Amino acid sequence: MDGMLAGARAGVAVRLRGVAKDFGGPAVLQGLDLDIPAGQFLAIVGRSGCGKSTLLRLVAGLEAPGGGTLTIGGPGEDAPPADAVRLMFQEPRLLPWASIQENVEVGLARGTPPALRQVRARATLAEVGLADRAAEWPSVLSGGQKQRVALARALVSRPRLLALDEPLGALDALTRIEMQALVEQVWRAEGFTAVLVTHDVAEAVALADRVVVLDRGRVALDLPIDVPRPRRHGDPALAATEARILDRLLADGR
Amino acid sequence: MSEAILSTREAAPRPALSWRGPARAALPWLLPALLLLAWQAGSMAGWIAEEVLPAPSAVVAAGWTLAQSGALAENIRVSAWRALTGFAIGGGLGLALGFLTGLSRLGERLLDSSVQMLRNIPHLALIPLVILWFGIDEAAKLFLVALGSFFPVYVNTMHGVRSVDPQLMEMGRAYGMDGPTLFRRVVLPGALPSVFVGIRYALGIMWLTLIVAETIAANSGIGYMAMHAREFMLTDIVVFSILVYALLGKLADSVARLLERLCLSWNPAYRGA
Ligand SMILES: Nc1ncnc2c1ncn2[C@@H]1O[C@H](COP(=O)(O)OP(=O)(O)OP(=O)(O)O)[C@@H](O)[C@H]1O
Ligand SMILES: [Mg+2]
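If you're matching them up, the sequences are chains A and B in order.
Numbering (the UniProt record's numbering) for the first sequence: 1 to 254.
Numbering (the UniProt record's numbering) for the second sequence: 1 to 273.
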């Protein structure tokens, strides 16, 4: 993990106060308060349709809040540039007509000199273990490999905030565990703030410093996960926390 | 690659499938060659009247004479110029308007229903009117070819732009692409397969239009060459002209296919083969 990605800028804090959002119908988010300290790995879980993606899109700047305030960067800090916040989607969303290398370069800020673009893209591809596939078309990759390229594209600008919207949802169990390890590894090396939306409570508990349950547009449960890293699969403390969150999610349904 | 496939076939228990390379390549030509032989034999035996269908050898001889006199090259030059110029005008306009209506709702509201109404008029039905407007000038042929090539390119370009994956558009925006970059990196390549469908279709219409236009109203070009020969009952030249048209049409399509393969090499559907 040393090399290009080491020594990156530290994470950025996110602060939401009374954030509301609707799409012309009933409110999707309302009166949402949430503080994400710089460098934290936060996982957001919640029932389908509870507004997780919407929250993430607000944080990533793809949509504007309908009410309240959303601040990225600590007090007295300038808002970070656009390429400091990156969003990884559930689907890889690679450009099929661009080589894997070019797809990673999409993540670089405009105005990056061409020579540097190549070097940075190559280095980031190496970080996700695909250095030797740089010249190929995305269509030849497996689902897990595509998602790795998408991760490289999100990381190549060395973001200070990485928002992940169920990026591993479509992967098989084994690939998923590998990808989780990769995401955790990169996060630890880079120190960015990570916000992971996931359906998988076990994944949330295994990766995050803190898990937030979203319900009816608000934070329904806010749990720190104090288990030290590296975490072991099937750790009893993790299992207990997972059970607690699942109970809460199931209770919401009634 | 193909050798590997051949050798596995040779090893297969069915010897009927074990074609040698050249024999397999020649197979599609077997039927046309037999037909040609039968035709030649029929003509030589006097079973096929020369005024109906001249012998292949006569057609080749007519072509040779035309080529030597320079008339062939000149007529091909005139026809190709008409075809390509008309196509460039019509196709270019179709491309521009297709992108306009595909990208902007305002453009669509303003233009699309008018264009769709015009599209329902068979452009060849306009020939009498076009002759009234332009006489049998170059402009008449260019107008018809341009009109014929316009619609397929327009419709397919617009459809291509519309069918660009919205998730990729969102990704582009989320990763900081501005309008022109988004167009160049996402919209244009995404619409290209459909644009090529339009172009290839338009190329077919282009030749068809030109054949009709040159046959009815022209004093140069391959169509004129054929009509002129008909007046003197020179069936060999008529048949030869038809062959030239077929070859030119095939050539245009091959060039388009080649471009398609080059531009869409990222797409598994266009790779190889
Ligand atoms: N662009 C949009 N237009 C209209 N409604 C929307 C839009 N985006 C989201 N919604 C609505 O907002 C609500 C929350 O959607 P969101 O995608 O945030 O849910 P989610 O928690 O991510 O669900 P899932 O876990 O299934 O992905 C849903 O009811 C959805 O219909
Ligand atoms: Mg979602």
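C-beta: ideal position from N, C-alpha, C; glycine also.
The structure presented is a predicted model; accordingly, all values stated were derived computationally and were not measured.
TODO: Pull every residue with its beta-carbon under 5 Å away from any heavy atom of ligand 1, and keep them in chain order.
DONE: A:F23, A:V28, A:S48, A:G49, A:C50, A:G51, A:K52, A:S53 and A:T54
- [ ] Assuming V195 (chain B) contacts V164 (chain B) (C-beta within less than 8 Å), just tell me the rounded distance between them.
- [x] The beta-carbon separation of V195 (chain B) and V164 (chain B), rounded to 12 Å, does not stay under the 8 Å limit for a contact.
TODO: Flag this pair as yes or no: are the beta carbons of S149 (chain B) and G190 (chain B) separated by less than 9 Å?
DONE: no
- [ ] Spell out whether any CB of chain A is found under 9 Å from the CB atom of R173 (chain B).
- [x] yes
Open item on the list: Only counting the same chain, and skipping five residues up and downstream in sequence, which positions put a Cβ closer than 6 Å to that of E63 (chain A)?
Closed with: R57
Open item on the list: Under DSSP, the beta strand (DSSP E) around D35 (chain A) begins and ends at which residues?
Closed with: Residues A27 to I36.
- [ ] Indicate, with yes or no, if ligand 2 has a heavy atom lying under 8 Å from the CB of V212 (chain A).
- [x] no
Task: Sequence-distant residues of its chain with Cβ nearer than 8 Å to P96 (chain A) (five each side left out) - done: W137, P138 and S139
- [ ] Count the C-beta pairs between the segment 144-156 of chain A and the segment 38-48 of chain A that are closer than 8 Å, then say yes if the count reaches three, no if not.
- [x] no
TODO: Measuring only between beta-carbons, confirm whether E170 (chain B) sits less than 9 Å from chain A.
DONE: yes
TODO: Identify the contact partners of N267 (chain B) in chain A, using a Cβ-Cβ distance below 8 Å as the criterion.
DONE: P96, W97 and S139
Task: At least 3 beta-carbon pairs within less than 8 Å: the segment 31-46 of chain A vs the segment 198-206 of chain A - done: Taking 8 Å as the limit for Cβ pairs, the verdict is that the segment 198-206 of chain A does touch the segment 31-46 of chain A.
TODO: Pick out whichever of A:A20, A:A115, A:G169 and A:S157 has its Cα sitting closest to the Cα of Q30 (chain A).
DONE: A:A20
Open item on the list: Once DSSP output is grouped into helix, strand and coil, what is the label at R47 (chain A)?
Closed with: coil
Open item on the list: Given this structure, state the Cα-to-Cα distance separating D178 (chain B) from A121 (chain A), to the nearest angstrom.
Closed with: 21 Å
TODO: Determine, using beta carbons only, whether R185 (chain B) comes closer than 9 Å to chain A.
DONE: yes
TODO: Have a look at A11 (chain B) and A26 (chain B) and give me their C-alpha separation to the nearest angstrom.
DONE: At A11 (chain B), the pLDDT of 45 sits below 50, so the modelled position is not reliable; the number obtained from the coordinates is stated separately. So the alpha carbons of these two residues sit roughly 22 Å apart.
Open item on the list: A208 (chain A) and L196 (chain A) - do their beta-carbons sit closer together than 9 Å?
Closed with: Yes; because the gap between Cβ atoms is below 9 Å, this pair is in contact.
Task: Among A:P81, A:E77, A:Q180 and A:Q90, the one whose alpha carbon lies nearest that of G61 (chain A) - done: A:P81
- [ ] Reducing DSSP to helix, strand and coil, say where D165 (chain A) ends up.
- [x] strand
Open item on the list: For ligand 2, I want to know if Q90 (chain A) counts as a neighbour, meaning its beta carbon is within less than 8 Å of at least one of the ligand's heavy atoms.
Closed with: yes
TODO: Whole angstroms is fine: what's the gap from I245 (chain A)'s alpha carbon to A134 (chain A)'s?
DONE: Their backbone Cα atoms lie some 41 Å apart in a straight line.
Open item on the list: ligand 2 and D247 (chain A): does the residue's C-beta get closer than 8 Å to at least one heavy atom of that ligand?
Closed with: no
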